[in-house]
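For the record, the sequence lines run as chains A and B. Going left to right, the first sequence walks through residues 1 to 116 as this note's numbering numbers them. Going left to right, the second sequence walks through residues 1001 to 1113 as this note's numbering numbers them. Backbone N, C-alpha and C define an ideal beta-carbon position, used for all residues, glycine too. All values derive from a computational prediction rather than experimental measurement. Structure record follows, encoded as structure tokens.
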Amino acid sequence: GAVVSQHPSRVICKSGTSVKIECRSLDFQATTMFWYRQFPKQSLMLMATSNEGSKATYEQGVEKDKFLINHASLTLSTLTVTSAHPEDSSFYICSATGTALGFQQFFGPGTRLTVL
Amino acid sequence: QKEVEQNSGPLSVPEGAIASLNCTYSDRGSQSFFWYRQYSGKSPELIMFIYSNGDKEDGRFTAQLNKASQYVSLLIRDSQPSDSATYLCAVSPFSGGYNKLIFGAGTRLAVHP
């Protein structure tokens, strides 16, 4: 149980385009989802927390107009990187938790974004 | 000062030995502590969590927490080459709930045959 999927697993795009990443909880209802970014040889940095049906809470320094997060249902959250630039190239990972999971977060497999 | 600190390693241990991974945190209000394992190019997977002072054992893994010293550790007994990975310590600043995790930079463990 507690499986989280992400799609796509890898994406390459041109600078200036927008990219949408999906995060799904497959076997539980995720009341809260988290989005992280990880640069090579660095740790995970929390970008934002999203609760189903409400606006995401962004961490300090994360541009909410650039990283659009939507958590429209209990099983799906999306992260859209708008007008992507090479410095946005990173490993984006979502995690999810829900009532049945207590305080444990389960991570998706990640999405490798490369902006040319 | 970083909120969660770990020695980046690499920590090299022979197969069958005990690997000891350490983590300190700055927020005294932290209540929940987690150890994740991350293989290169993959996302983290939860190994253990602990929120009470003392030891918690699960198979070959033992987590130790000392809130007075703001210190949490992970012991891996009978280390195997498959344990070679980066181990991330994560701290949640509040008890329970769906709270955010603050991650350390991770310690790279290498278990050699």
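Chain B residues whose Cβ lies nearer than 7 Å to that of residue i
i              : result
S43 of chain A : L1088, F1103, G1104, A1105 and G1106
F34 of chain A : K1100
T17 of chain A : Those do not exist, as T17 of chain A stays about 24 Å from chain B at its closest Cβ, beyond 7 Å.
T49 of chain A : K1100
Where residue i meets chain B, residues with beta-carbon distance less than 9 Å
i              : result
L46 of chain A : K1100, L1101, I1102 and F1103
Exposed unless 16 or more other CB atoms sit within 10 angstroms - verdict on residue i
i                : result
G1096 of chain B : Here the model assigns G1096 of chain B a pLDDT of 47, short of 50, so the residue's position is not dependable, and the following value carries that caveat. Classification for G1096 of chain B: exposed.
F39 of chain A   : exposed
R1028 of chain B : exposed
T49 of chain A   : buried
G1106 of chain B : buried
Q42 of chain A   : exposed
H71 of chain A   : buried
Q6 of chain A    : buried
S1069 of chain B : exposed
L116 of chain A  : exposed
P1014 of chain B : exposed
P1113 of chain B : exposed
T111 of chain A  : buried
S73 of chain A   : exposed
I15 of chain A   : With the sequence shown as reference, residue 15 of chain A is identified as Ser, and Ile is not the correct amino acid for it. When all chains shown are included, S15 of chain A counts as exposed.
S54 of chain A   : exposed
G1104 of chain B : buried
T99 of chain A   : exposed
Partner residues on chain A for residue i, Cβ-Cβ distance less than 7 Å
i                : result
S1043 of chain B : I93, F107, G108, P109 and G110
L1075 of chain B : None at all; the shortest Cβ gap to chain A is about 21 Å.
L1011 of chain B : Neighbours of L1011 of chain B on chain A: none; closest Cβ ~16 Å, over 7 Å.
Interface partners of residue i on chain B, CB under 8 Å
i              : result
T39 of chain A : Contrary to the premise, residue 39 of chain A reads as Phe rather than Thr in this sequence. Ordered by position in chain B, no residue passes the 8 Å Cβ test against F39 of chain A, which lies about 11 Å from the chain.
T75 of chain A : Within 8 Å Cβ-Cβ: nothing; T75 of chain A doesn't reach chain B, min ~15 Å.
T82 of chain A : What T82 of chain A touches in chain B: nothing, since even the nearest Cβ is about 23 Å away.
Residue of the options minimising C-alpha distance to residue i
i                : options                               : result
V4 of chain A    : A:H85, A:E87 and A:L76                : A:L76
P1081 of chain B : B:L1109, B:A1105 and B:E1057          : B:L1109
R1037 of chain B : A:V115, A:L116, A:F107 and A:T114     : A:F107
Y1051 of chain B : B:P1044, B:K1042, B:S1030 and B:G1059 : B:S1030
Y1087 of chain B : B:Y1039, B:N1066 and B:E1015          : B:Y1039
Q60 of chain A   : A:L113, A:Q29, A:L46 and A:V115       : A:L46
L44 of chain A   : B:L1101, B:S1084, B:P1113 and B:L1011 : B:L1101
V19 of chain A   : A:S83, A:K64 and A:T57                : A:S83
L113 of chain A  : B:F1049, B:G1041 and B:V1013          : B:G1041
T17 of chain A   : A:L74, A:K66 and A:G98                : A:K66
A1085 of chain B : B:Y1025, B:L1011 and B:K1067          : B:L1011
S1092 of chain B : B:F1049, B:D1083 and B:P1044          : B:F1049
E1045 of chain B : B:W1035, B:Q1006 and B:Y1025          : B:W1035
A1017 of chain B : B:N1099, B:N1007 and B:R1060          : B:R1060
Listed by chain order, chain A residues near residue i by CB distance under 9 Å
i                : result
L1109 of chain B : Those within 9 Å of L1109 of chain B in chain A number zero; the least Cβ separation is about 15 Å.
Beta-carbon neighbours of residue i, restricted to chain A and to distances below 8 Å
i                : result
L1021 of chain B : Going along chain A, no residue has its Cβ under 8 Å from L1021 of chain B, so there is no contact; the nearest lies around 14 Å.
L1065 of chain B : None at all; the shortest Cβ gap to chain A is about 15 Å.
* Asked: With contact counted as at least three CB pairs below 8 Å, one residue from each stretch, are the stretch 5-17 of chain A and the stretch 1065-1078 of chain B in contact?
  -> no
* Counting Cβ pairs, one atom from each stretch, are 3 or more of them under 8 Å apart for the stretch 34-48 of chain A and the stretch 91-105 of chain A? -> yes
* To do: Flag this pair as touching only if the stretch 1056-1076 of chain B and the stretch 1021-1039 of chain B have three or more C-beta atom pairs under 8 Å; answer yes or no.
  => Verdict: yes, contact present.
* **Segments of 3+ residues assigned as beta strand (DSSP E) that fall wholly inside the stretch 1031-1101 of chain B** => 1032-1038, 1045-1050, 1054-1058, 1061-1066, 1071-1076 and 1085-1092
* Report yes or no: do three or more beta-carbon pairs, one from the stretch 98-109 of chain A and one from the stretch 75-89 of chain A, lie closer than 8 Å? => no
* Can you check the stretch 9-88 of chain A for any alpha helix (DSSP H) of at least 4 residues that lies completely inside it and give the ranges in chain order? => none
* Spell out a yes or no on whether the stretch 15-29 of chain A and the stretch 62-80 of chain A are touching, meaning 3 or more CB-CB pairs, one atom from each, closer than 8 Å. => yes
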